[in-house]
């Protein structure tokens, strides 16, 4: 599923947006319910996806779903996922790894705040899986290509 999210990130980049991609996966761990690429610096792929998921599905339907994303959700995206009631996240690379690629780029002032820390402050046991080492190289390569050209 991270490969599908990476394909979404590529499509976002090809459309002139930052290279982030996210999917909402059904409880069967195989069905893609929603896909979203990054829109802009405020409308991140994960937050837009979580808001749309909350609009389309009941909280009880979302809790057993998984948000799959190329990069660890930032504090805004983790908070949106939490409020949407999506019970699990799988991500490819960490925010810290992203920061290593973006540096001080004003288009992406990365927060060094792991999503695990955000979820730990809540009352729900959101399951976090990541980073996924097998996807690190292709995700980092896409970001390196994008951010070094900025």
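In UniProt numbering, the protein residues as written are 1 to 150.
Virtual Cβ for every residue (Gly too), placed ideally from N, Cα, C.
Cut-off 7 angstroms between Cβ atoms - residues of its own chain near residue i, not counting five sequence neighbours on either side
i, result
"residue 124", "82"
"residue 112", "95, 96 and 99"
"residue 115", "72, 73, 78, 89 and 128"
Which residues DSSP lists as bridging residue i, in chain order
i, result
"residue 148", "DSSP, once it has assigned bridges, lists no residue as partnering residue 148."
"residue 118", "Looking at the DSSP assignment, residue 118 forms no beta bridge with any residue, so it has no partner."
"residue 128", "89"
Spatially closest choice to residue i from the options, by CA coordinates
i, options, result
"residue 6", "35, 64 and 40", "35"
"residue 28", "104, 62 and 55", "62"
"residue 178", "31, 18, 60 and 64", "Outside the displayed range of the chain (1 to 150) lies residue 178, so it cannot be described from this structure."
"residue 55", "41, 37, 85 and 40", "85"
"residue 31", "60, 53, 110 and 65", "65"
"residue 137", "40, 104 and 70", "70"
"residue 60", "92, 26 and 39", "26"
"residue 110", "118, 117 and 101", "101"
Exposed unless 16 or more other CB atoms sit within 10 angstroms - verdict on residue i
i, result
"residue 144", "exposed"
"residue 68", "buried"
"residue 194", "What is shown of the chain runs 1 to 150, which leaves residue 194 out entirely."
"residue 152", "Lying before the first or after the last residue shown, residue 152 is absent from the chain, which here runs from 1 to 150."
"residue 149", "exposed"
"residue 42", "exposed"
"residue 120", "exposed"
"residue 50", "buried"
Close Cβ partners of residue i (< 8 angstroms) along its chain, the five nearest in sequence each way excluded
i, result
"residue 76", "44 and 47"
Other residues of its chain near residue i: CB distance less than 6 angstroms, five sequence neighbours each side excluded
i, result
"residue 11", "37"
"residue 8", "21, 35 and 37"
4-residue-minimum alpha helix (DSSP H) runs that sit fully inside the UniProt domain "CMP/dCMP-type deaminase" (1-107), ordered along the chain: 2-14, 45-56, 59-62, 75-84 and 95-102
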